[in-house]
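Quick notes on the structure that follows.
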Amino acid sequence: MKIHRHVGVVKAADALTLKEALAAAAVQHKVLAMIGERACVLERADAKALAEALDRISFHPRVIEGDA
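Be aware that the sequence shown starts at 423, since it is given in my numbering, and climbs by one per residue.
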């Protein structure tokens, strides 16, 4: 997951994992764009919420924060 100034790009191992991660954070309806089957773009706050939700359920996503 890479969090930029305005958006976050989320990449998962497969489509099912991405779908489950989005559901865990209840942000599946906030996806701005799908990038293939296993990646999507979210608003920055929603991407951060996704990372926090995954951390709460003992998944530890790799989060890279950047300004670009």
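No residue lacks a Cβ here, since even glycine has one placed at the ideal position from N, Cα and C.
In the DSSP assignment, Leu-464 falls within the beta strand (DSSP E) that extends over 461–465.
When the beta-carbon positions are compared, Lys-424 and Gly-488 come within less than 9 Å of each other.
Between the C-alpha atoms of Ala-443 and Leu-472 there is a straight-line separation of about 7 Å.
Taking a contact as a CB-CB distance under 8 Å, the pair Leu-454 and Leu-464 counts as one, their CB atoms being some 6 Å apart.
Judged by their CB atoms, Arg-460 and Val-429 are not nearer to each other than the 9 Å cut-off.
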